[in-house]
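Counting in this note's numbering, the sequence shown runs from 340 upward without gaps.
Quick reminder that beta carbons are idealized off the backbone N, C-alpha and C, glycines included.
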Amino acid sequence: MSETTCQKNRRILVIDDNRAIHDDFRKILCPPDLTDNNLESFERVLFDKTARVPDPIHFDIDCAFQGQAGVEMARQALAAGKPYATAFIDVRMPPGWDGVEAVAKIWEVDPDLQVVICSAYSDYSWNDMLATVGHSDRLVILKKPFDPIEAQQLAQALTEKWRLLQESKNKLNDLEKIVGARTAELQAEIAERKQLEAQFRQAQKMEAFGQLAGGVAHDFNNLLAVIMGFANLLRDTEELGAEAREQIEQVHLAGERAANLTRQLLTFSRKRDMQVRSLNLNDVIGDMAKMLVRLIGEDIKLERKFSPNLPRVQADHSMMEQVLMNLVVNARDAMPKGGQLTISTDAVVMESSHTPGQSEARAGDFVCLSVRDTGCGMTPEVQARIFEPFFTTKGVGKGTGLGLATV
């Protein structure tokens with residue numbers, strides 16, 4: 340209901356089977372305006388009448404002879420956005436519905452309609468009416484014959500009551516919308532704050548891991564240098580027998596694996612300086628293709644899907660190679676019985692709606708590197724932890740848990 344309709348609605352529906360009653364209501368509720376003619380002016384001057392009676396309120400009257408017709412008029416008026424504010428309804432209207440039944444039906448169509456029941460007979464007691472229409476502050480009884488001023492006062496009071504009711508409903512709806520919108524904003528702010536707090540705690544944890552990893556890697560490198568140095572000296576000794584030489588080779592191989600682990604620890608701790616330059620990811624992947632084929636083995640088919648005219652990116656070449664290698668190794672280990680590994684690139688445009696809760700993410704143009712395998716997949720619980728340092732689902736000695744942590 341619009342505010343204008345609420346302020347100006349003086350529409351009244353009269354339902355009575357007597358045309359004379361229709362005419363009476365029109366005379367009472369649509370009187371002619373008082374005119375300031377010469378006689379009235381002379382009378383005010385002669386008798387010192389300074390006050391002037393205000394013009395009467397005019398109502399818009401529609402009439403129906405039967406309850407069924409009145410209900411249909413109320414339905415059409417409501418559908419047209421011009422509802423009636425008040426209805427004066429007679430009780431006896433043969434051969435159709437009586438007035439009480441018409442009230443019950445009309446409230447099914449327009450529950451806000453203010454109703455005045457008019458009757459000169461005692462066909463219904465008050466309790467009988469309550470049994471049909473229930474307790475309601477929308478119902479008033481007017482006994483016939485009634486004084487015209489009674490009808491005027493009821494029409495004025497009930498149309499004003501209807502206006503105030505609609506106004507309060509509109510304000511309540513507006514308030515609910517404001518509260519709903521603010522509640523949604525608060526919920527979004529709370530959710531974002533929780534995400535930021537979780538990211539902050541994760542960042543603190545990762546920083547602690549990084550500091551620990553960097554310290555361990557530094558000390559481990561010192562020990563490893565001694566081990567590898569003596570292993571190399573022993574390898575160059577000609578007096579070693581075959582069995583001893585094989586044992587030294589195993590020591591050297593273990594040292595190389597340890598050196599690789601140290602590099603991963605240093606990468607994770609971000610101790611190594613990054614050499615950022617302009618790269619084409621298609622070229623980076625192409626240069627690594629032969630090595631990746633050897634890395635994944637014969638049971639896995641490697642497929643490359645490169646986007647033409649791929650924009651260049653600013654990145655560290657060695658870091659990109661390591662990221663790609665870590666992703667490929669992880670995909671390979673997920674397909675122990677073979678499968679297909681697809682590496683693809685694409686130019687994408689990220690919108691802010693694609694990165695909710697990601698404080699470091701931003702909208703703009705990006706290059707997407709995708710590594711997809713046909714392996715067994717991951718559970719939601721594993722997906723939530725795959726980038727945590729030292730987390731791995733592989734067996735003992737088969738994974739460090741640092742591969743994806745460096746991605």
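1. Please name the residue or residues paired with Lys644 in a DSSP beta bridge.
2. Round the Cβ separation of Val448 and Ile428 to the nearest angstrom and send it over; I've been treating them as touching at under 8 Å.
3. For Arg349, which of helix, strand or coil comes out of DSSP?
4. For Phe404, which residues from the same chain have a beta carbon less than 6 Å from its beta carbon, with the 5 sequence-adjacent residues on both sides left out?
5. Just checking my contact of Ala459 with Gly406 at CB under 8 Å: how many whole Å lie between their CB atoms?
6. Could you tell me the alpha carbon to alpha carbon distance between Phe539 and Gln505, rounded to whole angstroms?
7. Taking 8 Å as the cut-off, decide whether the C-beta atoms of Leu618 and Leu631 are in contact.
8. Quick one: residues in its chain with C-beta nearer than 7 Å to the C-beta of Ile480, no 5 flanking neighbours on either side, listed in chain order?
9. How is Asp363 classed by DSSP in three states: helix, strand or coil?
10. Buried or exposed: where does Trp465 fall if 16 or more other Cβ atoms within 10 Å of its Cβ makes it buried?
11. Going by beta-carbon coordinates alone, are Val706 and Val667 separated by less than 8 Å?
12. Our contact map puts Leu352 next to Asp401 with C-beta atoms below 8 Å; I'd like the distance itself, whole angstroms only.
13. Got a sec? Which residues, its chain only, sit under 8 Å from Met613 by beta carbon, not counting five neighbours each side?
14. If the criterion is Cβ atoms closer than 8 Å, does the pair Leu289 and Asn621 meet it?
15. So what's Asp626 in DSSP terms, helix, strand or just coil?
16. Under 7 Å Cβ to Cβ from Cys715, same chain only, skipping five residues before and after it: list those, please.
17. Buried or exposed: which applies to Val615, given that a residue is buried once 16 or more other Cβ atoms fall within 10 Å of its Cβ?
18. State yes or no: is the C-beta of Lys640 nearer than 7 Å to some heavy atom of the ligand NAP?
19. Between the alpha carbons of Asp437 and Val430, how many angstroms are there, rounded?
20. Tell me the DSSP secondary structure of Lys676 in three-state form.
21. Going by the beta-carbon positions, is the gap between Gly678 and Ile624 smaller than 8 Å?
22. Suppose you measure from the CA of Leu469 to the CA of Met432; what does that come to, to the nearest Å?
23. Using 8 Å for Cβ pairs, my map puts Ala426 next to Ile445. What's the rounded Cβ distance?
24. If I measure Cβ to Cβ from Gln495 and keep anything under 8 Å in the same chain, skipping five residues before and after, which residues do I get?
25. At a cut of 8 Å, does the segment 586-602 reach the segment 553-568 through at least three beta carbon pairs?
26. By a C-beta neighbour count over all protein chains shown, 10 Å radius and 16 as the cutoff for buried, is Thr684 buried or exposed?
27. For Arg616, which residues does DSSP report across the bridge?
28. Is Thr522 near Ala424, with beta carbons less than 8 Å apart?
29. For Thr681, tell me which candidate among Glu690, Arg671 and Pro675 has the shortest Cα-Cα distance.
30. Going by DSSP, what residues sit across from Ser709 in a beta bridge?
31. For Val454, report the span of its beta strand (DSSP E) as first-last.
32. How should Ile398 be labelled, buried or exposed, when 16 other C-beta atoms within 10 angstroms of its C-beta is the threshold for buried?
33. Identify whether Val442 lies in helix, strand or coil by the three-state DSSP scheme.
34. Excluding sequence positions up to five away, which residues of its chain have a Cβ less than 7 Å from the Cβ of Met689?
35. So, are the CB atoms of Leu452 and Arg414 less than 8 Å apart?
36. Output the boundary residues of the beta strand (DSSP E) element that contains Ala419.
With the structure as the only source:
1. Translated into positions along the sequence shown, residue 644 becomes position 305. Residue pairing for Lys644: DSSP places it in a beta bridge opposite Ser683.
2. Taking the first residue of the sequence shown as 1, we reach residue 448 at position 109. Taking the first residue of the sequence shown as 1, we reach residue 428 at position 89. No, Val448 and Ile428 are not in contact; Cβ-Cβ is about 13 Å, not under 8 Å.
3. In the sequence shown, residue 349 corresponds to position 10, counting from 1. In this structure, Arg349 counts as coil in the three-state DSSP scheme.
4. Looking up residue 404 in the sequence shown gives position 65. Here Phe404 has Asp356 as same chain residues with Cβ atoms under 6 Å from its own Cβ, once five neighbours each way along the sequence are excluded.
5. Here residue 459 corresponds to residue number 120 of the sequence shown, with the count starting at 1. Here residue 406 corresponds to residue number 67 of the sequence shown, with the count starting at 1. Not really, about 18 Å apart at Cβ, beyond 8 Å.
6. By 1-based counting over the sequence shown, the position of residue 539 is 200. By 1-based counting over the sequence shown, the position of residue 505 is 166. As the crow flies, the alpha-carbon of Phe539 is around 50 Å from that of Gln505.
7. For the purposes of this step, residue 618 is taken as residue 279 along the sequence shown, with counting starting at 1. For the purposes of this step, residue 631 is taken as residue 292 along the sequence shown, with counting starting at 1. A distance of 8 Å or more separates the beta carbons of Leu618 and Leu631.
8. Reading the sequence shown from its first residue, position 141 is the one you call residue 480. In its chain, beyond the 5 residues on either side, Ile456 have a beta carbon closer than 7 Å to the beta carbon of Ile480.
9. Counting from 1 along the sequence shown, the entry for residue 363 is found at position 24. Helix.
10. The residue labelled residue 465 in the question sits at position 126 within the sequence shown. Burial state of Trp465 is exposed, judged by a 10 Å Cβ sphere holding fewer than 16 other Cβ atoms.
11. Against the sequence shown, residue 706 aligns to sequence position 367. Against the sequence shown, residue 667 aligns to sequence position 328. No Cβ-Cβ contact shorter than 8 Å links Val706 with Val667.
12. Against the sequence shown, residue 352 aligns to sequence position 13. Against the sequence shown, residue 401 aligns to sequence position 62. The pair is a contact, with the Cβ atoms about 5 Å apart (cut-off 8 Å).
13. Counting from one through the sequence shown, the residue named residue 613 turns up at place 274. Closer than 8 Å at Cβ, skipping near neighbours: Asp655 and Met658.
14. The requested residue 289 does not occur in the structure, where the chain is confined to residues 340 to 746.
15. Your numbering for residue 626 matches position 287 in the sequence shown. DSSP places Asp626 in helix when its eight states are reduced to three.
16. Counting from one through the sequence shown, the residue named residue 715 turns up at place 376. For Cys715, where only same-chain residues beyond five positions count, the Cβ hits under 7 Å are Ala673.
17. Residue mapping note: residue 615 aligns to position 276 of the sequence shown, counting from 1. The C-beta of Val615 has fewer than 16 other C-beta atoms within 10 Å across all chains shown, which makes the residue exposed.
18. With respect to small molecules bound, the structure shown includes none, and the ligand NAP cannot be examined in it.
19. To locate residue 437, count along the sequence shown from 1; it is residue 98. To locate residue 430, count along the sequence shown from 1; it is residue 91. Distance between the alpha carbons of Asp437 and Val430 is about 5 Å.
20. Reading the sequence shown from its first residue, position 337 is the one you call residue 676. It is coil, neither helix nor strand.
21. By 1-based counting over the sequence shown, the position of residue 678 is 339. By 1-based counting over the sequence shown, the position of residue 624 is 285. Cβ distance not < 8 Å, so Gly678 and Ile624 don't count as in contact.
22. Looking up residue 469 in the sequence shown gives position 130. Looking up residue 432 in the sequence shown gives position 93. Answer to the nearest angstrom: the Cα atoms are 20 Å apart.
23. The residue given as residue 426 occupies position 87 in the sequence shown. The residue given as residue 445 occupies position 106 in the sequence shown. With a contact defined as Cβ atoms closer than 8 Å, Ala426 and Ile445 qualify at about 7 Å.
24. Taking the sequence shown and counting its residues from 1, one reaches residue 495 at position 156. Taking Gln495 as the centre and dropping the five residues before and after it, the same chain places the C-beta of Ile396 closer than 8 Å to its C-beta, in chain order.
25. Verdict: yes, contact present.
26. In the sequence shown, the residue the question calls residue 684 occupies position 345. With 16 or more Cβ atoms within 10 Å of its Cβ, Thr684 is classed as buried.
27. On the sequence shown, residue 616 is found 277 positions in, with the first residue counted as 1. Its beta-bridge partners are Ala654.
28. One-based indexing of the sequence shown puts residue 522 at position 183. One-based indexing of the sequence shown puts residue 424 at position 85. No, they are not a contact pair.
29. Along the sequence shown, one-based indexing puts residue 681 at 342. For Thr681, the nearest C-alpha among the options comes from Arg671.
30. Translated into positions along the sequence shown, residue 709 becomes position 370. Ser683.
31. In the sequence shown, counting from the first residue as 1, residue 454 sits at position 115. Per DSSP, Val454 is one residue of the beta strand (DSSP E) stretching across Gln453 to Ser458.
32. Along the sequence shown, read from residue 1 onward, the residue named residue 398 stands at position 59. The residue you asked about is not Ile; residue 398 is Phe in the sequence shown. When all chains shown are included, Phe398 counts as buried.
33. Along the sequence shown, one-based indexing puts residue 442 at 103. Helix, per DSSP.
34. The sequence position of residue 689 within the sequence shown is 350, counting from 1. Correct list, in chain order: Ala702, Gly703 and Phe705.
35. Here residue 452 refers to the residue found at position 113 when the sequence shown is read from its first residue. Here residue 414 refers to the residue found at position 75 when the sequence shown is read from its first residue. No. Outside cutoff.
36. For the purposes of this step, residue 419 is taken as residue 80 along the sequence shown, with counting starting at 1. First-last for Ala419: undefined, no H or E at that position.
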